[in-house]
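Trainee: Using my numbering, you'd call the opening residue of the sequence shown number 42 and step up by one each time.
Below: one structure in structure tokens.
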Amino acid sequence: MAFGDGADAVEILEAGLIIGASRGHHTAVAMNGDDWMVLVGDPGATGEVELNLGGQPAGHPRRRIVSEEDATAVALEFAVTGGLDFSRGAWESPG
């Protein structure tokens, strides 16, 4: 599974997953109703990376950049199960 240069989204009922891909960087944002979680790639990373998601360039925390493999694994888990196990992986609230 490869992601394009933009955002691909899958939504099942109240749960949703957005996988973003821009300039070789990947992000994963999950939502369940009003609760949002962001996958963390490198907890020790600092600074920002400019991404173009949805046609809008913006700074994105470097710690929330994940590998294509991790983004793909999350997308497959969501597609198969209709949800995500937040106890696996490093998920954090975006706030």
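Here a beta-carbon is modelled for each residue, glycine too, at the ideal position from N, C-alpha and C.
Every value quoted in this text rests on a predicted model; they were computed, and no experiment measured them.
Excluding five sequence neighbours on each side, which residues of the same chain lie with their C-beta closer than 6 Å to the C-beta of Ala112?
Mentor: Ile60, His67 and Ala69
Trainee: What is the DSSP secondary structure of Thr122, counted as helix, strand or coil?
Mentor: helix
Trainee: What residues in its chain sit with their C-beta under 7 Å from that of Gly74, if we drop five residues either side in the sequence?
Mentor: Glu55
Trainee: According to DSSP, is Met42 part of a helix, a strand, or is it coil?
Mentor: With a pLDDT of 47 at Met42, under the threshold of 50, the predicted position of this residue should be treated as unreliable, though the coordinate-derived value follows. Correct three-state label for Met42: coil.
Trainee: Would you identify the three-state DSSP class for Glu110, choosing helix, strand or coil?
Mentor: helix
Trainee: Kindly indicate which three-state DSSP category Ala71 falls into: helix, strand or coil?
Mentor: strand
Trainee: Taking Glu133 and Val81 to be in contact with their CB atoms under 8 Å, please state how far apart those CB atoms are, rounded to whole angstroms.
Mentor: 6 Å
Trainee: Assign Val115 to one of three DSSP states: helix, strand, or coil.
Mentor: In the three-state DSSP reduction, Val115 falls in the helix class (H, G or I).
Trainee: Determine the contact status of Ala86 and Arg104, defining contact as a CB-CB distance below 8 Å.
Mentor: yes
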